[in-house]
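Here is the structure we will look at.
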Amino acid sequence: MWRVGTIRQRADGRYEARYAKGRDEQGRIIYGCCYGRSYEEAVRKREEAVRKTASIREMNLLILGAGSHGHEVQELAQSLNVFRKIAFLDDQKPEAIGPIRDLEHYIDAFPIAVPAVGDCALRTRWLESLGVAGFVLPVLIHPSATVSSSAGIGAGTVICARATVGLGAQLGRGCIIASGATIGRYAVLPDGTHIDCGQVVAAAASVAAERST
Numbered sequence: 015m016w017r018v019g020t021i022r023q024r025a026d027g028r029y030e031a032r033y034a035k036g037r038d039e040q041g042r043i044i045y046g047c048c049y050g051r052s053y054e055e056a057v058r059k060r061e062e063a064v065r066k067t068a069s070i071r072e073m074n075l076l077i078l079g080a081g082s083h084g085h086e087v088q089e090l091a092q093s094l095n096v097f098r099k100i101a102f103l104d105d106q107k108p109e110a111i112g113p114i115r116d117l118e119h120y121i122d123a124f125p126i127a128v129p130a131v132g133d134c135a136l137r138t139r140w141l142e143s144l145g146v147a148g149f150v151l152p153v154l155i156h157p158s159a160t161v162s163s164s165a166g167i168g169a170g171t172v173i174c175a176r177a178t179v180g181l182g183a184q185l186g187r188g189c190i191i192a193s194g195a196t197i198g199r200y201a202v203l204p205d206g207t208h209i210d211c212g213q214v215v216a217a218a219a220s221v222a223a224e225r226s227t
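Heads up, the sequence shown is in the working numbering, so the first residue is 15 and it goes up one at a time.
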């Protein structure tokens, strides 16, 4: 028996991604499956399907981690004016509504969730746990940030105030682009990358040169 949220390769060679898409009248979870010719395609299709299951009336955000970055993410989310409720999960902070280990208990009330911790390895693990549980994983972009329409941004990435993401840049899942940071054109950031305040990631000159010819 395989867990919800895991990806497996079928006998026909396709990858299958399972997710929770709702509950029946008895409260039992109803599952859906997405298929792709590659692991990445199955993950992308699952993320798109999970987003579509989130009801507009339930635009509530759960933030994992109530430290300094968690509160920065809270303020960013509030500035977007799209979330009806915002709450924290944290193992120690008194303002949290529960511990991290209980995240699956909150998916009905808070179907959208994002990890907010500076530790890259921990953030990546939390992001995976949220995906397994079936949460919608948003991209949060501060209104004062400048992000090229041609940039690719992975689920769970947070782009803070006055940050700039250039033409064709590719940001992985669960990245943090802190206040005032600059990501140059066609730069590529792996999953879980943390670019600190004011830092600059240089443009990928070789790729940019190829695009200009």
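Where a beta carbon is used, it is the ideal one built from N, C-alpha and C, also for glycine.
In this text the structure is predicted, and so the values were computed from the model without any measurement.
Check: Between the C-alpha atoms of Ile190 and Ile77, what's the straight-line distance to the nearest angstrom?
Finding: To locate residue 190, count along the sequence shown from 1; it is residue 176. To locate residue 77, count along the sequence shown from 1; it is residue 63. C-alpha separation (whole angstroms): 14 Å.
Notebook entry, point to check: Is DSSP giving Lys59 helix, strand or coil here?
Noted result: As a working note, residue 59 is residue 45 in the sequence shown. Helix at Lys59.
Note to self: Can you tell me where the beta strand (DSSP E) holding Gln23 begins and where it ends?
What the structure shows: Taking the first residue of the sequence shown as position 1, residue 23 is located at position 9. Segment Ile21 to Gln23, the beta strand (DSSP E) holding Gln23.
Notebook entry, point to check: Between the C-alpha atoms of Ser163 and Val153, what's the straight-line distance to the nearest angstrom?
Noted result: Against the sequence shown, residue 163 aligns to sequence position 149. Against the sequence shown, residue 153 aligns to sequence position 139. About 14 Å.
Notebook entry, point to check: Got a sec? Which residues, its chain only, sit under 6 Å from Ile70 by beta carbon, not counting five neighbours each side?
Noted result: Translated into positions along the sequence shown, residue 70 becomes position 56. Bear in mind that a pLDDT of 42 at Ile70, under 50, signals an unreliable position, so the model cannot answer this.
Next item on the list: Go through its chain and collect everything with a Cβ distance to Leu75's Cβ below 8 Å, but skip five positions before and after it.
Entry: For the purposes of this step, residue 75 is taken as residue 61 along the sequence shown, with counting starting at 1. Ala91, Phe97, Lys99, Ile100, Ala101, Phe124, Ile126, Ala127, Val128 and Pro152, listed in sequence order.
Notebook entry, point to check: So, is Leu185 buried or exposed, given that buried needs 16 or more other C-beta atoms within 10 angstroms?
Noted result: If you number the sequence shown from 1, residue 185 lands on position 171. It counts as buried.
Notebook entry, point to check: With contact counted as at least three CB pairs below 8 Å, one residue from each stretch, are the stretch 157 to 171 and the stretch 105 to 123 in contact?
Noted result: no
Next item on the list: Could you spell out where the alpha helix (DSSP H) holding Ala147 opens and where it closes?
Entry: Position 133 of the sequence shown, counting from 1, holds the residue named residue 147. First-last of the alpha helix (DSSP H) with Ala147: Cys134 to Ala147.
Margin query: Rounded to whole angstroms, what is the Cα-Cα separation between Val87 and Asp210?
Written below: Walking along the sequence shown from the start, residue 87 turns up at place 73. Walking along the sequence shown from the start, residue 210 turns up at place 196. If you take the alpha carbons of Val87 and Asp210, they lie about 14 Å apart.
Notebook entry, point to check: Taking the Cβ atom as the reference point for each residue, do Lys107 and Ala80 lie within a distance shorter than 9 Å?
Noted result: Translated into positions along the sequence shown, residue 107 becomes position 93. Translated into positions along the sequence shown, residue 80 becomes position 66. Contact flag set, yes.
Checklist line | Inter-residue spacing [alpha-carbon to alpha-carbon] between Arg22 and Ala31 | finding: As a first step, residue 22 is located in the sequence shown; it is residue number 8 there, counting from the start. As a first step, residue 31 is located in the sequence shown; it is residue number 17 there, counting from the start. C-alpha separation (whole angstroms): 7 Å.
Note to self: Contact defined as beta carbons within less than 8 Å: I believe Ala63 pairs with Gly46. What is the distance between those atoms, to the nearest angstrom?
What the structure shows: The residue given as residue 63 occupies position 49 in the sequence shown. The residue given as residue 46 occupies position 32 in the sequence shown. Contact flag correct, Cβ pair sits at about 6 Å.
Checklist line | Thr160 classed as buried or exposed, judged by whether at least 16 other C-beta atoms fall within 10 angstroms | finding: Stepping through the sequence shown from its first residue, residue 160 is reached at position 146. By the neighbour-count rule (16 or more Cβ atoms within 10 Å), Thr160 is not buried but exposed.
Notebook entry, point to check: Helix, strand or coil: which one does DSSP assign to Gly46?
Noted result: In the sequence shown, the residue the question calls residue 46 occupies position 32. Gly46 falls in the strand class under three-state DSSP.
Checklist line | Cβ shell of Val57 (< 7 Å), same chain only, five flanking positions each side left out | finding: The sequence position of residue 57 within the sequence shown is 43, counting from 1. Around Val57: Ile21 and Ala31.
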